[in-house]
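Novice: Those letters in the sequence shown? Residues 13 to 95, by our numbering.
No residue lacks a Cβ here, since even glycine has one placed at the ideal position from N, Cα and C.
Quick one: the structure is below, and I'll ask about it shortly.
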Amino acid sequence: MTTTHIEIDGHDFLLPRSTDVADLMSRIEAAARSQPTFIDLATGDALTSVLITAQSRVVVYLIREDAGHDAPIDVRSTLDWDL
């Protein structure tokens with residue numbers, strides 16, 4: 013099983029399997045390019061709003077539960093980004 017996490021300014025959030033990660037990353041990128049903006053994250057049974065600024069540090073990573081200590085999957089290989 014693989015879980016998707018997002019870390020924003022040192023705070024880790026576990027994302028539900030139904031999360032459209034590419035859409036979430038696009039919304040974060042757009043927020044970082046504008047005035048400080050809140051984005052909403054579905055985190056299990058809760059909804060979390062996070063303020064994104066140009067200085068926010070955001071990391072998206074996947075963890076394979078059965079992989080032991082292997083390195084996280086690099087999502088950049090599966091997503092097309094024009095930064």
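Please determine if the region 37-48 and the region 59-72 are in contact, where contact requires at least 3 C-beta pairs separated by less than 8 Å.
Specialist: Because the criterion of three Cβ pairs below 8 Å is met, the region 37-48 and the region 59-72 touch.
Novice: Assuming S68 and D21 form a contact by the criterion Cβ under 8 Å, report the distance between their Cβ atoms to the nearest whole angstrom.
Specialist: S68 to D21, Cβ: 6 Å. Contact.
Novice: Leaving out five residues before and five after T14 in sequence, what residues of the same chain have Cβ atoms less than 6 Å from its Cβ?
Specialist: So the qualifying residues of the chain are L74, R76.
Novice: Would you call L26 buried or exposed, if buried means 16 or more other Cβ atoms sit within 10 Å of its Cβ?
Specialist: With fewer than 16 other Cβ atoms within 10 Å, it is exposed.
Novice: Secondary structure at D24, three-state DSSP: helix, strand or coil?
Specialist: In the structure shown, D24 sits in a strand (DSSP, three-state: E or B).
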